[in-house]
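If you're matching them up, the sequences are chains L and G in order. Take 1 as the starting number for the first sequence in full-length UniProt numbering and just add one per residue. Take 1 as the starting number for the second sequence in full-length UniProt numbering and just add one per residue. Using N, Cα and C, we set each Cβ at its ideal position, and we do this for glycine too. Beneath this line is the structure, given in structure tokens, with notes to follow.
Protein chains: 2
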Amino acid sequence: MEHVSLPALSRVAICGGTHGNELSGVWIVREMQKQQVEKVGSISITTVMSNPRAVEACKRYMETDLNRCFTDAILSAPVTDVTPYEVRRAHELNAQLGPKGSQEAMDLVCDLHNTTANMGLCVIFTTFNWISLHIYKYLKARALCVPEFVSELFLLFSTAFEVGPQPNGVVRADIYNLMKEALDHLVDWVQEFNSGITFEGGEVEAYVFEKSIDYPRDPDTNELTAIIHPQLQDKDFILLKPGDPIFLSFSGETVKYEGKELYPFFVNECAYYEKHIAFHLAQKTILTIPSVSVEND
Amino acid sequence: MEHVSLPALSRVAICGGTHGNELSGVWIVREMQKQQVEKVGSISITTVMSNPRAVEACKRYMETDLNRCFTDAILSAPVTDVTPYEVRRAHELNAQLGPKGSQEAMDLVCDLHNTTANMGLCVIFTTFNWISLHIYKYLKARALCVPEFVSELFLLFSTAFEVGPQPNGVVRADIYNLMKEALDHLVDWVQEFNSGITFEGGEVEAYVFEKSIDYPRDPDTNELTAIIHPQLQDKDFILLKPGDPIFLSFSGETVKYEGKELYPFFVNECAYYEKHIAFHLAQKTILTIPSVSVEND
């Protein structure tokens, strides 16, 4: 694959509290704001508390999930008196960090998330993005545990760190430190990139989202009838084979997996009960990425 | 210690959802209600969803912590239009399960809780209570992991199971199964007791609450400046010695423990941030308990 030259990454935004009860990012952003981190070497840093009301209430969101509000449709619709708080916040963030696709937009937005799933440190991004992939490769070389997957959708970030397991509303120092370390490496990478270093390309393993599996539910009440099986719990990114147990009903029966071999992730994520997702399934793939360096002016 | 004869335990209440986001008990009570468990051998079983609105909202409580509402002062005060929901619920539960100290009261109330702390299965009770202690001894003999401590205060239960670690709003099958198994053994014990079996006394280890430690906070804003140190995280019921790290500040400094050797528990419990408790400290003690059997009619 050929070499790719890309513009310098002068403006980096670091966002916490996009989900108000995912506390690692909340506290990292608070600490950076307290220490007035606004510039690191060649990079201007913008720190953002994405959903301050939800942070205050220690809830994922007040009215609707902010991290599903960054669609073109939502961002181009007018704001009225009845617009939900998070939709208004999405407009504000788009103005502050974007507008998406504009000249003034941030060059890199890193959004900080936690999960109750045992996912370690994941780099998430929405489209094939050489910068994110190189940052991921850089983190892997530094022995941070980093599965990665490619998600879809209408999210705030160009890159996100998703770190777990951590309960909502709790800060664990191990998870905080892991996220902080990843963020420091990200900033290092951007500085090295801006300084003219060429980052070699090559192959990187990644997980590509394939589908979601819901919990078994009572057809009348829609309530759960089963939960994640103990043999699947905490087994994110470990190959799931047909016949493996996936659910255990409240009355004690095991439900087995039927389908092709895939990799589960976001297993038993708290916020996904309401989204009817017990876990996601992904394919493992090898991505070949080009070498990258900064464009000459 | 002498032998103690006690009345039969005919009426047992099993309560879940006293805190609405602690889901093991919520689902155990739902399953028992679905299966219409109302009698097991000699015992009449009452299952109670203690705080249904908080369960519905998946919150600890709506207005005030239900499990701090069972004081004589609160239970004897009149209910008015402005009485908080949980206080009204406490009056209702007291009428349904009590009144406390009356002839019609339940003989045993077992309240089901989860914690984000790594406490395994704990039996909690508020005053020295031979029944609870014998159930605890019985569970220990069955190789369930059961530290125990003696708490204070104005809680719903005569006996509670506190099982963790489990995030709020999540059901983990391992934690659900551990709680269910403990509950099955409790019911077995009560049946054996009612049938006339004598349970031998002896010595049992227990932890007695001594004091609570708050997080370091900013004196101006009252916000946290540090979190539980990685070396203390998940170390519930492991002896804490002077000089051991207890907190890690967001800027990276370690705070060490000063004080006498004690046993930490409820380390990094989600709900205790607002109560200004980073962890509790307990003394380990040996309690000598009498043999018990049911009174002859």
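From residue i to residue j, what distance separates their C-alpha atoms?
{"i": "residue 346 of chain G", "j": "G:Ile228", "result": "With chain G represented from 1 up to 297, any question about residue 346 of chain G goes unanswered, as that position is not in the structure."}
{"i": "G:Cys15", "j": "G:Lys241", "result": "37 Å"}
{"i": "residue 313 of chain L", "j": "G:Ala271", "result": "What is shown of chain L runs 1 to 297, which leaves residue 313 of chain L out entirely."}
{"i": "G:Ser24", "j": "G:Met32", "result": "12 Å"}
{"i": "L:Ile238", "j": "G:Ala226", "result": "34 Å"}
{"i": "G:Val123", "j": "G:Leu108", "result": "14 Å"}
{"i": "L:Ala13", "j": "L:Ile74", "result": "21 Å"}
{"i": "L:Val82", "j": "L:Pro99", "result": "23 Å"}
{"i": "G:Glu269", "j": "G:Asp234", "result": "10 Å"}
{"i": "L:Leu178", "j": "L:Asn67", "result": "22 Å"}
{"i": "G:Glu261", "j": "G:Leu232", "result": "14 Å"}
{"i": "L:Leu112", "j": "G:Asn194", "result": "56 Å"}
{"i": "L:Val37", "j": "L:Met106", "result": "16 Å"}
{"i": "L:Lys211", "j": "L:Asp220", "result": "25 Å"}
{"i": "L:Met49", "j": "L:Phe125", "result": "20 Å"}
{"i": "L:Pro290", "j": "G:Glu162", "result": "53 Å"}
{"i": "L:Ile121", "j": "L:Ser132", "result": "According to the sequence shown, residue 121 of chain L is Leu rather than Ile. Using only the alpha carbons, I get a separation of about 14 Å."}
{"i": "G:Asp255", "j": "G:Tyr215", "result": "The question names Asp, but residue 255 of chain G is Val in the sequence shown. Using only the alpha carbons, I get a separation of about 10 Å."}
{"i": "G:Val204", "j": "L:Pro84", "result": "56 Å"}
{"i": "G:Glu181", "j": "G:Val4", "result": "27 Å"}
{"i": "L:Gln96", "j": "L:Glu104", "result": "9 Å"}
{"i": "L:Phe70", "j": "G:Lys34", "result": "42 Å"}
{"i": "L:Tyr257", "j": "L:Ser251", "result": "18 Å"}
{"i": "L:Asp236", "j": "L:Tyr263", "result": "7 Å"}
Between which two residues does the beta strand (DSSP E) holding residue i run?
{"i": "G:Glu181", "result": "G:Glu181 -> not in any beta strand (DSSP E); alpha helix (DSSP H) instead, spanning Ala173 to Asn194."}
{"i": "L:Tyr263", "result": "Tyr263 to Phe265"}
{"i": "L:Arg11", "result": "Arg11 to Gly16"}
{"i": "L:Pro245", "result": "Pro245 to Ser249"}
{"i": "L:Ile238", "result": "Element bounds for L:Ile238: n/a, residue is neither H nor E."}
{"i": "G:Ala160", "result": "Thr159 to Gly164"}
{"i": "G:Lys256", "result": "Thr254 to Lys256"}
{"i": "L:Ala226", "result": "Ala226 to Ile228"}
{"i": "L:Val44", "result": "First, the residue type needs correcting, since residue 44 of chain L is Ser and not Val in the sequence shown. Ile43 to Met49 is the span of the beta strand (DSSP E), which, as asked, contains L:Ser44."}
{"i": "residue 353 of chain L", "result": "It is not possible to answer for residue 353 of chain L, since the shown part of chain L is limited to 1 through 297."}
{"i": "L:Ser293", "result": "Val292 to Val294"}
{"i": "G:Leu121", "result": "Gly120 to Phe125"}
To the nearest whole angstrom, what separates the beta carbons of residue i and residue j, a pair I think is in contact under 8 Å?
{"i": "G:Cys58", "j": "G:Gly20", "result": "6 Å"}
{"i": "L:Asn129", "j": "L:Ser102", "result": "The pair is not a contact, with the Cβ atoms about 18 Å apart (cut-off 8 Å)."}
{"i": "L:Asn114", "j": "L:Ile175", "result": "7 Å"}
{"i": "G:Val292", "j": "G:His185", "result": "Going by Cβ atoms, the distance from G:Val292 to G:His185 rounds to 16 Å, so no, they are not a contact pair."}
{"i": "L:Glu86", "j": "L:Thr64", "result": "5 Å"}
{"i": "L:Arg11", "j": "L:Ser42", "result": "Going by Cβ atoms, the distance from L:Arg11 to L:Ser42 rounds to 11 Å, so no, they are not a contact pair."}
{"i": "L:Val171", "j": "L:Gln283", "result": "Going by Cβ atoms, the distance from L:Val171 to L:Gln283 rounds to 33 Å, so no, they are not a contact pair."}
{"i": "L:Leu183", "j": "L:Cys110", "result": "7 Å"}
{"i": "G:Ile213", "j": "G:Leu139", "result": "Actually they do not touch by this definition, with Cβ atoms about 28 Å apart."}
{"i": "L:Glu295", "j": "L:Pro7", "result": "5 Å"}
{"i": "G:Met119", "j": "G:Phe265", "result": "6 Å"}
Span of the alpha helix (DSSP H) holding residue i?
{"i": "L:Gln283", "result": "Per DSSP, L:Gln283 belongs to no alpha helix (DSSP H); it is in the beta strand (DSSP E), Phe279 to Ile289."}
{"i": "L:Glu32", "result": "Glu is not the amino acid found at residue 32 of chain L; the sequence shown has Met there. From DSSP, the alpha helix (DSSP H) with L:Met32 extends over Leu23 to Lys34."}
{"i": "G:Val55", "result": "Pro52 to Ala57"}
{"i": "G:Asp214", "result": "Taken as a continuous stretch (DSSP letters only), G:Asp214 belongs to no alpha helix (DSSP H), as it is neither H nor E."}
{"i": "L:Asn114", "result": "Where L:Asn114 is concerned, there is no enclosing alpha helix (DSSP H), although the beta strand (DSSP E) it sits in stretches over Leu108 to Asn114."}
{"i": "G:Glu86", "result": "Tyr85 to Leu97"}
{"i": "G:Ala141", "result": "Trp130 to Ala141"}
{"i": "L:Ser76", "result": "Asp72 to Ser76"}
Which residues in chain G have a C-beta closer than 8 Å to the C-beta of residue i? List them in chain order.
{"i": "L:His185", "result": "Within 8 Å Cβ-Cβ: nothing; L:His185 doesn't reach chain G, min ~16 Å."}
{"i": "L:Tyr61", "result": "Within chain G, no residue comes near L:Tyr61; the closest Cβ sits about 13 Å away, beyond 8 Å."}
{"i": "L:Asn51", "result": "Ordered by position in chain G, no residue passes the 8 Å Cβ test against L:Asn51, which lies about 18 Å from the chain."}
Please compile the residues from chain L whose C-beta is within a distance smaller than 8 Å of the C-beta of residue i.
{"i": "residue 316 of chain G", "result": "The structure shown does not extend to residue 316 of chain G, since chain G is modelled only from 1 through 297, so no value can be given for it."}
{"i": "G:Phe229", "result": "Before going on, a small fix: residue 229 of chain G reads as His here, not Phe. Here the neighbours are Ala173."}
{"i": "G:Cys270", "result": "Pro167, Asn168, Gly169 and Val170"}
Give me the chain L residues within the contact set of residue i, using Cβ-Cβ distance strictly less than 7 Å, ordered along the chain.
{"i": "G:Thr116", "result": "Pro167 and Val170"}
{"i": "G:Gln36", "result": "Per Cβ cutoff of 7 Å: no residues; G:Gln36 is ~13 Å from chain L at best."}
I want to verify the contact list: residues of chain G whose CB lies under 7 Å from the CB of residue i, in sequence order.
{"i": "L:Ile289", "result": "The contacting residues do not exist; L:Ile289 stays about 34 Å from chain G at best."}
{"i": "L:Tyr176", "result": "Ile227"}
{"i": "L:Gln233", "result": "Arg172, Ala173 and Asp174"}
{"i": "L:Asn222", "result": "Correct list: empty, because the minimum Cβ distance to chain G is about 14 Å."}
{"i": "L:Trp130", "result": "In chain order: nothing, as chain G lies at least about 33 Å away."}
Run down chain L in chain order and give the residues with a C-beta less than 9 Å from the C-beta of residue i.
{"i": "G:Tyr257", "result": "Correct list: empty, because the minimum Cβ distance to chain L is about 15 Å."}
{"i": "G:Cys15", "result": "Residues of chain L passing the Cβ test: none, with the nearest at roughly 17 Å."}
{"i": "G:Cys122", "result": "Per Cβ cutoff of 9 Å: no residues; G:Cys122 is ~18 Å from chain L at best."}
{"i": "G:Gln191", "result": "Per Cβ cutoff of 9 Å: no residues; G:Gln191 is ~21 Å from chain L at best."}
So which residues of chain G does residue i contact, with C-beta pairs closer than 9 Å?
{"i": "L:Lys263", "result": "The amino acid occupying residue 263 of chain L in the given sequence is Tyr; Lys does not appear at that position. Simply none; closest approach about 20 Å."}
Counting Cβ pairs, one atom from each stretch, are 3 or more of them under 8 Å apart for the stretch 72-90 of chain L and the stretch 200-218 of chain L? Note that the stretch 72-90 of chain L does not touch the stretch 200-218 of chain L; fewer than 3 beta-carbon pairs, one per stretch, sit closer than 8 Å.
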